[in-house]
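Report on one structure; see the data block that follows.
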Amino acid sequence: MKRFEELFAPHLDAAYNLARWLTGNDSAAHDVVQESALRALRFAHRFVDGNAKAWFLTIVRNESYTWLKASAGRHWVAFDDEPGENEAAMSHSQTPELLAIHTENAALIQQALCALPPAFREVIILKELEDLAYKDIALVVDIPIGTVMSRLARARAMLKLELLKLHAHE
1 MKRFEELFAP
11 HLDAAYNLAR
21 WLTGNDSAAH
31 DVVQESALRA
41 LRFAHRFVDG
51 NAKAWFLTIV
61 RNESYTWLKA
71 SAGRHWVAFD
81 DEPGENEAAM
91 SHSQTPELLA
101 IHTENAALIQ
111 QALCALPPAF
121 REVIILKELE
131 DLAYKDIALV
141 VDIPIGTVMS
151 RLARARAMLK
161 LELLKLHAHE
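With the first letter of the sequence shown counted as 1, position 16 gets the number 16 in the UniProt record's numbering; the numbers rise by one all the way through.
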């Protein structure tokens, strides 16, 4: 248990973030992270050396895709249990106008990311949101590092196109 707390507990937020983006569902993301944490705890003895975050996120990724396969055909509705929990607190320097622009931009980026195929979405999430190195993304996604770089370049181009499409519809 102590080994788990030292190696993997610091990465629970990153695990939730990845699961949320891959499943597209808050409740599912919590379930995926819980199942992933149990697996990491059960198989912690197999982790010998290397990047604990990448090892744990590999489990989360696999569990997310397992959840997606199992839930194919089901429709999920996400309910925000605590409204305002994820909203940024307004500081003295944030005017309501700036906060509205930031919120609108974040929503557009989220919408554009969701439009990307999962293989491209996951590399963007792992690189840009979780700040993993290319070699660690290669471990998590189980592809060569060159493929990570080319997939990331394509994902960024696709994201740019999605954002342009969304901006054009405003």
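Here a beta-carbon is modelled for each residue, glycine too, at the ideal position from N, C-alpha and C.
For residue i, the three-state DSSP class (helix, strand or coil)
i	result
Glu-130	coil
residue 172	In the structure as shown, the chain begins at 1 and stops at 170. Residue 172 is therefore absent and cannot be evaluated.
Leu-57	helix
Asp-49	coil
Ala-88	Legend: pLDDT at Ala-88 = 41, less than 50; position of this residue unreliable, value from coordinates given subsequently. It is coil, neither helix nor strand.
Ala-29	helix
Leu-116	coil
Within 8 Å, strictly: CB atoms of residue i and residue j
i	j	result
residue 247	Glu-6	The question about residue 247 has no answer here: the residues shown for the chain are numbered 1 through 170.
Ala-119	Arg-151	yes
Ile-145	Ala-155	no
Nearest-angstrom Cβ-Cβ length linking residue i and residue j, presumed shorter than 8 Å
i	j	result
Arg-61	Glu-122	7 Å
Leu-159	Ala-112	6 Å
Ala-15	Phe-56	6 Å
Ala-54	Asp-136	4 Å
Val-140	Thr-58	5 Å
Ile-125	Trp-21	5 Å
Residue i classed as buried or exposed, judged by whether at least 16 other C-beta atoms fall within 10 angstroms
i	result
Ala-19	buried
Asn-105	exposed
Leu-164	exposed
Leu-38	exposed
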